[in-house]
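> To start, I am sharing the structure in question, which I have written as structure tokens.
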Ligand SMILES: [Zn+2]
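Okay, here's the thing in structure tokens:
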């Protein structure tokens, strides 16, 4: 379910990682540990999880998708600028 | 040979159509409507193969998907297929099949020696025996196992059959057309729901075809036929036979394989052999029935021992007797039904019932027919090697521990019935947590997980009346919810004979002094003793026991063996079955051919093919094409008998001396517009972008956040807020997504739009010392002098009335330009370049010459930007801005990336200046060092330098900075080559870059 286009086939979408990761601001001092957490360290949760997907063969918008990593059930989708509650 | 086991007037086969077929080279006859199994049994053939481990003789055990034994190699229309179940393969004229697992022949089998060595081949034998000594694996065990224990031969020819995929949706998908499937489909269809009813077999009806029941004053079969013909007429119903729903996935998506042509001698023109259906169903009704369980006793794998339900099916559907002196061994009433069918056809069976004194209508009927019934009796062991000849039987004590005196009775088959196991695979795959039902000693589906409901025998309901009632109701209720319509059908009157409870006893104890094998898994030869060993050795989890013993791991996936295995584990462990739990059910329920999974996506259809607007010109001019991602690009333009090496050398040389033209349409192009465009570029590229003037291009490198180089290319400022970015062919799609990611998610405040224009522009690179002269003639109205269009300059020009973009950029190290016109004019541009270029001796060049030119210059490309290198490794560190932040910058300060002896790009020349260096070879210090020889680097790209006329390669080398002038060795174990080389600068030609600026 693309929040821009509606129900679309799964193979139009492409996975893009954990949606809770925030890129550190540019030109800001950051410790090695924090930077490594941003670049490499992920929780790889089992269960409900907010992910980024791109509607790559559609509107090309990046969207946020709440998905269960064990059952693949999708609960919610948000536009890129909408905040996860 | 005559069909001496065929009855005259029983069965559903078409006796008007006689078919001939070959099995192991012998010609037999059967009828249309037979399976290979029923036709073989009709001809008295019971020996069809050898077992996997001990190579014991194998016959038929079932009559359908549960068959563990009768696996054959099929030959059809010039093709061959392994792992075909004879019980599923329908007979056709000219069918040919052979036994598998036997060498040299089914009657004399060398592997059967294993049978006498079996004391050495207990549970876990693969893990224990064949792992030691190591050298024995390759020389002795592996070839022996391969030759002696294969499961058929895969064809290595291209499969010319056609397979299709179909996507479908429906309100109700009903899997199985037995009584439960028919009743629910009928009720749902009447309510107007879109229904798909799928049946695995050729005939609809399931158990209605074989059971002695009466529904609405018709036989079960007549009632079923009536329902099916009515359903077939309804526009909202799709009825499919030969179709197995084999997988239940997320979001109520199920996959079904339809065997369209497997039952025909050859596939009809334009028809597929098989079709894979992806079905999204609002509701799924699982009416997959149940499978009879074996009883376990000595030598219970001897040909002639089979399920009693299979014997009944062979008789009633195919008119075939599995034996003329049948012994029925049962712990429930089902065995009696088989016995009664034999008796009705003038064959006298003997029933051995483990129960002491069962009372039911069915038992009474058997008694009234005068059938010989022995209560509290068991089969201790089957006797006979290639076919049952007799049975050792004995009375069993009430506590089922003590055997009485052994008697031997003559029989030619033993039909076993150990009660019924619901087929819960689909429900379990959907995520349904199954539950153990004590009354039937088996698992049934629990609470629904997705929109699925299991009906009838698959749900542990074994009476017809209850099955029909609950299925009518389920079909009606679920469809009403969807269609808001109700056309209730009246429920027919059902007459069936009542049965009584089964006996929980299923595994006959060994008599004193006898060591018979009692098999649980008939395909993988797992016996009771193997499970006992596994438990004794400490395996507890049923998943571990399964893997250690291979119980249930064969092609039949333990359809007949799993539950007995569980019962045994729970008995030995003194646990209840649900505490042991069952192994996971995974799709597919039955084997699916690779062809069906792949579908039409084979050969050229496996991916799209992209062609440039100039493709036809290339083709006409003898281009030899190469796949570049999904693009087809000219590799070289062949003249006469030229090889790739000769042709590309000629083309590259011509660029260095005259002028060449190359199709660069495939380069990724991204149009970037907006007031913050420069700021975006400044953040994604490593170098500075804020001060690039309009009409100028700049080379840039972009990184991933982890500091690895992602892509490189030039970006040109077309106007104040408008940029044209180029990417490598391979990374075009990734770079666009990368930009969109940052614009949409990370920096939404940037006012920029990006869009791919790769297909909108056709591109031609003209390169060589004479390229400016050519350009001037192409654009006679423009000043393209070194001052008018300097290096990295950009202008628009008029190419004989066509608007063109002219970039002065170079990938070859020569004076060079890149022209872009709208795609539709691509061919026009190309032909003009060739026409006017003639006087400058222009030649087109392909990707091979393109590579040569860039390697000589030390320009990096995909083989260096391979997802493992940072800017320093590619000598691009000069492009790293110190003043500003950019994507990935912080990562470059990490330890591994700043070490003193960090790898770096270098050039490599063979000392003899003759030997070509294979790409991917390793660089080592000492070619004679003991293995593993420390690797210092690897060759990323190789060419034949046209400038110096000797081989030249690029390499990524440890401490490359300090290695210039060193002598090393290139080693390629793959090509068995050792080449002494010298390390030189990666900029082999024109290191100061004077030519591009001239
Ligand atoms: Zn969309």
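Residue numbers (our numbering), protein chains in the order written: chain A, 5 to 89; chain B, 4 to 1001. Using N, Cα and C, we set each Cβ at its ideal position, and we do this for glycine too.
1. State yes or no: is the C-beta of residue 906/B within less than 8 Å of the C-beta of residue 961/B?
2. I want to see whether chain A comes within less than 8 Å of residue 740/B, judged by CB atoms only; does it?
3. Could you tell me which of 85/B, 90/B, 95/B sits nearest to residue 101/B, measuring between CA atoms?
4. Find out if the Cβ-Cβ distance for the pair residue 537/B, residue 553/B is shorter than 8 Å.
5. Ligand 1 and residue 14/A: does any heavy atom of the ligand fall closer than 7 Å to the residue's C-beta?
6. For residue 375/B, write down the residues that DSSP places opposite it in a beta bridge.
7. Can you tell me whether residue 815/B is buried or exposed? The criterion is at least 16 other CB atoms within 10 Å of its CB, across all chains shown.
8. Using a Cβ-Cβ cut-off of less than 8 Å, give me the residues of the segment 510 to 530 of chain B that come near chain A, in sequence order.
9. Under a criterion of Cβ closer than 6 Å to any non-hydrogen atom of ligand 1, which residues qualify, in chain order?
10. Please report how far the alpha carbon of residue 600/B lies from the alpha carbon of residue 797/B, in whole angstroms.
11. Under 8 Å, do residue 1006/B and residue 566/B count as touching if we go by C-beta distance?
12. Check whether the segment 501 to 520 of chain B touches the segment 288 to 308 of chain B, taking contact to mean three or more Cβ pairs, one atom from each stretch, closer than 8 Å.
13. Determine whether the beta carbon atoms of residue 64/A and residue 743/B lie at a separation below 8 Å.
14. Which term fits residue 268/B, buried or exposed, when burial requires 16 or more other beta carbons within 10 angstroms of its beta carbon?
15. Residue 31/B: buried (16+ other C-beta within 10 angstroms of its C-beta) or exposed?
16. Against chain A, with Cβ distances strictly below 8 Å, would residue 686/B count as a contact?
17. With a threshold of 8 Å between beta-carbons, can residue 30/A be considered close to chain E, or not?
18. Looking at the structure shown, is residue 217/B part of a helix, part of a strand, or coil, going by DSSP?
19. Would you call residue 686/B buried or exposed, if buried means 16 or more other Cβ atoms sit within 10 Å of its Cβ?
20. Applying a beta-carbon distance threshold of less than 7 Å, which residues of chain A neighbour residue 708/B?
21. I'd like to know if residue 747/B contacts chain A, where contact means its C-beta is closer than 8 Å to some C-beta of that chain.
22. Tell me the DSSP bridge mates of residue 35/B?
23. Can you find the residues in the same chain that come closer than 6 Å, C-beta to C-beta, to residue 5/B, ignoring five residues on each side of it along the sequence?
24. From residue 350/B to residue 381/B, what distance separates their C-alpha atoms?
25. Using a beta-carbon distance below 8 Å, is residue 76/A in contact with chain B?
26. Would residue 57/A count as contacting chain B if we go by Cβ distances under 8 Å?
27. Label residue 362/B either buried or exposed according to how many other C-beta atoms from any shown protein chain fall within 10 Å of its C-beta, with 16 as the threshold for buried.
28. Does residue 6/A have its Cβ less than 8 Å from a Cβ in chain B?
29. What runs of the beta strand (DSSP E), each 3 residues or longer, lie entirely inside the segment 929 to 969 of chain B?
30. How big is the Cα-Cα spacing for residue 9/B and residue 245/B?
31. Note down the Cα distance separating residue 200/B from residue 242/B, rounded to an integer number of angstroms.
32. Start and end of the beta strand (DSSP E) containing residue 759/B?
33. Counting Cβ pairs, one atom from each stretch, are 3 or more of them under 8 Å apart for the segment 71 to 81 of chain A and the segment 40 to 57 of chain A?
34. Less than 8 Å between CB atoms is the rule here; does residue 225/B satisfy it with respect to chain A?
35. Check this for me: beta carbons of residue 34/B and residue 25/B, under 8 Å apart or not?
Well, looking at it:
1. Contact: yes.
2. For residue 740/B, the answer is yes, since a Cβ of chain A falls inside 8 Å of its Cβ.
3. Looking at 85/B, 90/B, 95/B, the one whose alpha-carbon comes closest to that of residue 101/B is 85/B.
4. It is not a contact, given that the beta carbons lie outside the stated cut-off.
5. False, no ligand heavy atom lies under 7 Å from that Cβ.
6. Answer by DSSP bridge pairing, in chain order: 353/B.
7. With 16 or more neighbouring CB atoms inside 10 Å of its own CB, residue 815/B falls in the buried class.
8. From the segment 510 to 530 of chain B, no residue has a Cβ closer than 8 Å to chain A.
9. Qualifying residues come out as 6/A, 8/A, 9/A, 59/A, 62/A, 63/A, 65/A.
10. If you take the alpha carbons of residue 600/B and residue 797/B, they lie about 51 Å apart.
11. Nothing can be reported for residue 1006/B, as the shown portion of chain B is limited to 4 through 1001.
12. By the Cβ criterion, the segment 501 to 520 of chain B is in contact with the segment 288 to 308 of chain B, since at least three pairs of Cβ atoms, one from each stretch, lie closer than 8 Å.
13. Yes, these two residues count as a Cβ contact at 8 Å.
14. So residue 268/B counts as exposed.
15. Buried is the call here.
16. For residue 686/B, the answer is yes, since a Cβ of chain A falls inside 8 Å of its Cβ.
17. Here the protein chains are A and B, and chain E is not one of them.
18. In this structure, residue 217/B counts as strand in the three-state DSSP scheme.
19. The Cβ neighbour count for residue 686/B, taken over all protein chains shown within 10 Å, is at least 16; the residue is labelled buried.
20. For residue 708/B, the chain A residues whose C-beta falls within less than 7 Å of its own C-beta are 43, listed in chain order.
21. Cβ-Cβ to chain A under 8 Å: yes for residue 747/B.
22. Answer is 17/B, bridged to residue 35/B.
23. Closer than 6 Å at Cβ, skipping near neighbours: no residue.
24. Between residue 350/B and residue 381/B, the C-alpha separation is close to 21 Å.
25. Taking Cβ atoms only, chain B reaches closer than 8 Å to residue 76/A, which makes this a yes.
26. Judged by the 8 Å Cβ criterion, residue 57/A is not in contact with chain B.
27. Here residue 362/B is exposed, its C-beta having fewer than 16 other C-beta atoms within 10 Å.
28. When Cβ-Cβ separations below 8 Å define contact, residue 6/A makes no contact with chain B.
29. The qualifying runs are 940 to 948, 953 to 960.
30. One alpha carbon belongs to residue 9/B, the other to residue 245/B, and they sit about 25 Å apart.
31. When the Cα atoms are used, residue 200/B and residue 242/B turn out to be separated by approximately 5 Å.
32. First-last of the beta strand (DSSP E) with residue 759/B: 756 to 759.
33. With a cut-off of 8 Å, the segment 40 to 57 of chain A and the segment 71 to 81 of chain A count as touching, because enough Cβ pairs lie within range.
34. No, residue 225/B lies away from the interface with chain A (no Cβ there is under 8 Å from its Cβ).
35. With respect to the 8 Å criterion, residue 34/B and residue 25/B are not classified as neighbours on the basis of their beta carbons.
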